[in-house]
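K.L.:
Handing you this structure, nothing more for now.
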Amino acid sequence: MTTIRQRRVGKGTEADDDQPSEEKNLKPDGKILTGHTGGKLWNILSITVGGIVAISLGLLTSVYVATLHENDLWFSNIKEVEREISFRTECGLYYSYYKQMIQAASIQQGLHGLVYDNKTESVRTINILERMNVYQEVFLSILYRILPIQQYLEPVYFYIYTLFGLQAVYVIALYVTSWLLSGTWLSGLLAACWYITNRIDTTRVEFTIPLRENWALPFFAVQIAAITYLLRTHLQPVQERLTLMAVFIATFLFSLTWQFNQFMMLIQALALFILDCFDMLPTAKVMWLYIIQISGLLLVCVLQFFNSMILGSLLISFNASVLIARTIQKNLKKGGLLNRLGKLILHVLLVLCLTLLINKFIKKILNLESDEHIFKFLKAKFGFGATRDFDANLYLCEEAFGLLPLNTFSRLSDTLLFYIYIFVLFFMTVAAVIIAFWNLSGSNQVQFMEKMEECTVTLKPDAAYNLIHTILFGCLALSTMRMKYLWTSHMCVFASFGLCSTEVWKLTLKCIHLYTSQRMRVIKYSVPIMTLLYISYKFWPGIMDELSELREFYDPDTVELMNWIKSNTPNTAVFAGSMQLLAGVKLCTGRTLTNHPHYEDKNLRERTKQIYQIYAKRSPEDVYRILRSFGTDYVILEDSICYERRHSRGCRLRDLLDIANGHIMDGLGENEPDLKPSLYPRFCEEIKKNLPPYTIHFTRVFQNKTFHVYKLAKHK
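Just so it is clear: in the sequence shown, position 54 is 53 by numbering that gives the first Met the number 0, and no numbers are missing.
In structure tokens form, the structure reads like this:
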């Protein structure tokens with residue numbers, strides 16, 4: 000079967016564009032002409048300049064986001080407690096383990112405290128290294144302890160500068176990917192500029208620094224760059240082995256630093272599967288990539304003390320199924336159109352059935368339920384029945400897990416990114432569909448083959464992979480706003496590649512009968528340069544204004560709460576409250592928590608739902624009994640939750656609790672017919688009246704405009 004690679008080799012014009020012919024570069028006696036030497040020198044100069052530009056842009060991006068972070072919070076001037084409070088929600092939880100390791104008497108004691116942790120979840124001892132992806136915090140804390148920098152650099156700055164430094168790696172990886180696809184570093188320059196000017200939609204590192212995705216996405220970008228290089232044709236065996244090693248290392252680091260790695264790599268595996276089915280990628284390389292994904296994930300599983308959620312991931316089941324199916328169906332790519340389609344349908348069904356069987360078997364053996372909330376959320380999100388499940392509704396009501404807002408496209412269009420992306424995507428998709436049909440049909444008609452030769456140039460294996468990658472991650476971003484950062488950064492790469500691509504412009508000009516090689520070269524360089532000039536003219540003043548705008552962190556109520564807890568409660572005190580606030584309590588005070596924001600554990604999800612009854616319509620006796628069952632000494636109530644107005648009716652936390660408890664919601668509006676009025680008023684409101692049924696169990700010990708802290712009585 001003729002593959003893309005084989006057709007590309009056979010195309011004379013392709014050889015002329017990419018490689019000097021022997022007639023032009025060799026004398027009859029075999030000596031190389033000076034023109035060839037000059038070409039090599041020009042290539043070396045181009046690579047050197049392109050590399051310098053890449054590194055410079057990466058460093059500038061790091062400085063840019065670091066400056067924005069400093070200007071927004073005045074981070075260098077605020078108190079340590081304010082710095083720690085600025086790490087909101089789960090960010091504070093992750094950073095607390097870095098702080099814990101730094102403050103430990105020794106590295107060994109620090110590691111022991113993480114493996115046998117009894118302060119993150121009260122009345123339970125959990126292994127933090129198994130449950131959470133915090134090896135990066137462990138590595139950084141050890142590095143900080145052994146390097147002679149303690150006198151010059153505070154631990155918090157070592158931490159945030161590392162994250163900002165990873166942004167340099169991220170931008171360089173995007174730059175290199177675009178360069179590899181287009182063949183010119185001008186494309187990489189454009190990709191990096193788009194990434195920076197679309198910062199609102201490409202990254203949120205400056206205000207959510209410890210978030211897992213800010214650690215993981217730079218390594219994911221490196222992996223994509225390595226895969227792009229791997230899929231190039233004519234690689235030497237040594238180059239191929241080194242590239243496979245780079246893919247493995249990047250895959251491993253990506254998997255180690257983010258708990259959602261398995262879902263992102265599953266989408267990547269689906270992209271490889273689709274392309275392999277349509278004979279658009281070399282099968283041997285695809286198999287290696289499947290094996291690398293499994294190996295990287297299993298190595299992370301070992302480091303995370305055989306985390307069952309990893310073993311039960313769909314990625315491992317899917318990749319194993321594909322490898323088994325390919326062993327069974329060895330003649331998948333032979334035969335005519337109908338024969339190939341029949342084999343392909345059987346292959347897809349076989350892989351799907353094997354995936355479900357293997358995954359169900361693993362989950363049954365391991366009794367795995369850690370990720371069930373994700374599937375409940377997906378089921379409800381895509382309309383497969385309404386749900387009263389508290390966890391699923393908690394996700395559904397969060398804006399970050401909703402559809403991608405339409406104003407995202409208007410912002411991306413301001414920089415011309417979205418328009419160019421759609422233009423490139425259209426041409427590449429059309430070419431991909433035609434090539435896929437031709438590969439399946441095995442047509443030998445000369446006229447049709449000549450048409451295909453025109454399309455083949457526009458869809459080399461590396462471009463084909465990036466095309467399917469951007470389509471699948473685009474679908475993910477459209478369905479779930481939080482995942483847009485995986486798409487928008489790659490959008491910068493894909494659009495810049497298309498704008499600087501010889502193949503895209505060649506096909507475009509031929510379609511409108513205006514193609515000449517000279518015109519194509521002029522357009523290939525002039526359009527990207529004009530785009531860069533437009534971006535610079537329109538957005539440079541805004542960037543300068545942004546860098547000159549100074550703000551300051553201000554959250555006096557939370558600061559007052561944290562200071563009160565440190566000064567007025569014992570170190571062994573156990574606190575209950577919202578999981579977002581409790582992450583800050585652990586970081587700022589070191590007190591024991593009842594629950595926290597790392598939601599990938601069934602027992603924790605059930606515990607959180609029970610703790611949140613403080614915002615439901617429950618009796619004081621019920622709430623007291625629940626809190627004491629988790630060893631609670633103090634409970635923190637937040638007015639922003641009790642009287643929430645951020646969400647509409649039906650999505651407020653108190654509404655979700657009422658629905659889960661079978662109670663009618665507050666306020667005007669419809670209720671489901673089987674919901675009933677509660678026998679008790681809302682706990683968080685009624686407790687403030689200091690009525691005897693409440694004061695017998697709860698004593699208010701602190702309050703300000705935002706928080707109310709109650710101490711629980713210890714009845715015998």
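Glycine included, every Cβ here is placed at the ideal spot set by N, Cα and C.
All figures in this text were calculated on a predicted structure; none of them were measured in a lab.
Name the one or two DSSP bridge partners that arginine 699 has.
P.N.:
DSSP lists Tyr709 as partners of arginine 699.
K.L.:
Curious, which full-length alpha helix (DSSP H) runs of at least 4 residues does the stretch 54-106 contain?
P.N.:
Runs found: 79-84, 88-102.
K.L.:
Contact between the stretch 241-252 and the stretch 277-293: three or more CB pairs below 8 Å?
P.N.:
Short answer: they touch.
K.L.:
Straight-line CA distance for leucine 322 to phenylalanine 304?
P.N.:
Approximately 26 Å, taken between the alpha carbons.
K.L.:
According to DSSP, simplified to helix, strand and coil, what is valine 204?
P.N.:
DSSP places valine 204 in coil when its eight states are reduced to three.
K.L.:
Under 8 Å by Cβ, that's how I've got isoleucine 357 and alanine 319 pegged, so tell me the actual separation to the nearest angstrom.
P.N.:
The pair is a contact, with the Cβ atoms about 6 Å apart (cut-off 8 Å).
K.L.:
Put valine 634 into one of helix, strand or coil per three-state DSSP.
P.N.:
Of the three classes helix, strand and coil, the one that applies to valine 634 here is strand, per DSSP.
K.L.:
Phenylalanine 272 lies in the alpha helix (DSSP H); which residues open and close that run?
P.N.:
First-last of the alpha helix (DSSP H) with phenylalanine 272: 260-276.
K.L.:
So the candidates are Val155, Asp200, Tyr228, His707; which of them puts its Cα closest to the Cα of glutamate 79?
P.N.:
The shortest C-alpha separation from glutamate 79 is found at Val155.
K.L.:
Tell me the DSSP secondary structure of histidine 512 in three-state form.
P.N.:
Three-state DSSP puts histidine 512 in coil, outside helix and strand.
K.L.:
State the DSSP-derived secondary structure class of aspartate 390, mapped to helix, strand or coil.
P.N.:
In this structure, aspartate 390 counts as helix in the three-state DSSP scheme.
K.L.:
When we look at the beta-carbon of asparagine 335 and count the other beta-carbons within 10 Å, is it buried (16 or more) or exposed?
P.N.:
Reading off the sequence, residue 335 comes out as glycine, not asparagine. Exposed: under 16 other Cβ atoms inside 10 Å.
K.L.:
Taking C-alpha atoms, which residue in Gly661, Leu216, Leu655, Ser95 lies nearest to glutamate 643?
P.N.:
Looking at the Cα atoms, Leu655 is the closest of the given residues.
K.L.:
Beta carbon of threonine 202, beta carbon of tyrosine 553: below 9 Å?
P.N.:
Not a contact, by the Cβ cut-off of 9 Å.
K.L.:
Taking only runs of the alpha helix (DSSP H) that begin and end inside the stretch 336-382, which ones reach a length of at least 4 residues, in chain order?
P.N.:
Runs of the alpha helix (DSSP H) inside the stretch 336-382: 336-365, 371-380.
K.L.:
Of all the options Asn465, Met543, Met578, which has the alpha carbon lying nearest to the alpha carbon of leucine 180?
P.N.:
Minimum Cα distance to leucine 180 is reached at Asn465.
K.L.:
Pull up the distance between the alpha-carbon of leucine 255 and that of glutamate 684, whole angstroms please.
P.N.:
Answer to the nearest angstrom: the Cα atoms are 43 Å apart.
K.L.:
With distances taken from CA atoms, which of Met482, Val350, Ser412, Lys329 is nearest alanine 399?
P.N.:
When each option's Cα is compared against that of alanine 399, the closest is Met482.
K.L.:
Please return the same chain residues whose Cβ sits closer than 7 Å to the Cβ of glycine 473, not counting the five positions on each side in sequence.
P.N.:
So the list reads Trp486, once near-sequence residues are dropped.
K.L.:
To the nearest angstrom, how far is the alpha carbon of isoleucine 663 from that of asparagine 306?
P.N.:
Cα to Cα, the separation comes out at about 40 Å.
K.L.:
Give me the Cβ distance between arginine 648 and glycine 668, rounded to the nearest whole Å; I'm assuming they're in contact under 8 Å.
P.N.:
Between glycine 668 and arginine 648 the Cβ distance is about 5 Å, and since that is below 8 Å, they are a contact.
K.L.:
According to the Cβ coordinates, are threonine 242 and alanine 220 closer than 9 Å?
P.N.:
For threonine 242 and alanine 220, no; Cβs fall outside 9 Å.
K.L.:
Assuming alanine 431 is part of the beta strand (DSSP E), what are its boundary residues?
P.N.:
Note, alanine 431: premise wrong, no beta strand (DSSP E); alpha helix (DSSP H) at 416-440.
K.L.:
Exposed or buried, which one is arginine 604 when buried takes at least 16 other CB atoms within 10 Å?
P.N.:
Buried, because 16 or more other Cβ atoms sit within 10 Å of the Cβ of arginine 604.
K.L.:
For the candidate residues Ile542, Thr631, Gly182, Leu626, whose alpha-carbon lies nearest to that of valine 64?
P.N.:
Measuring from the Cα of valine 64, the nearest candidate turns out to be Ile542.
K.L.:
Here's the rule: buried if 16 or more other CB atoms are within 10 angstroms of the residue's CB, otherwise exposed. What is threonine 501?
P.N.:
Classification for threonine 501: buried.
K.L.:
Could you tell me the distance, in whole angstroms, from the CA atom of threonine 282 to the CA atom of lysine 333?
P.N.:
If I take the Cα positions, the gap works out to 14 Å.
K.L.:
So within the stretch 178-256, which uninterrupted alpha helix (DSSP H) runs reach at least 4 residues, ignoring any that extend past its ends?
P.N.:
Fully enclosed alpha helix (DSSP H) runs of 4 or longer: 184-196, 198-201, 211-229, 236-256.
K.L.:
In whole angstroms, what separates the C-alpha of alanine 186 from that of arginine 231?
P.N.:
Contrary to the premise, residue 186 reads as serine rather than alanine in this sequence. When rounded, the distance between both Cα atoms is 18 Å.
K.L.:
Considering only residues of the same chain and omitting the five flanking positions on each side of isoleucine 564, which have a CB-CB separation below 6 Å?
P.N.:
Excluding sequence neighbours, isoleucine 564 sits near Thr588.
K.L.:
According to DSSP, threonine 694 sits in a beta bridge with which residue or residues?
P.N.:
In DSSP, threonine 694 forms no bridge with anything.
K.L.:
Going by DSSP, what residue range makes up the alpha helix (DSSP H) through alanine 659?
P.N.:
It spans 652-660 - the alpha helix (DSSP H) in which alanine 659 sits, taken as one unbroken run.
K.L.:
Would you call the CB atoms of valine 114 and asparagine 126 closer than 9 Å?
P.N.:
Going by C-beta atoms, valine 114 is nearer than 9 Å to asparagine 126.
K.L.:
At which residues does the beta strand (DSSP E) containing valine 573 begin and terminate?
P.N.:
Where valine 573 is concerned, the enclosing beta strand (DSSP E) stretches over 573-575.
K.L.:
Inspect the beta-carbon positions of alanine 191 and leucine 58 and report whether they are closer than 9 Å.
P.N.:
No, the pair does not count as a contact, with Cβ atoms beyond the cut-off.
K.L.:
May I ask you to report which of helix, strand or coil DSSP gives threonine 591?
P.N.:
Three-state result, threonine 591: strand.
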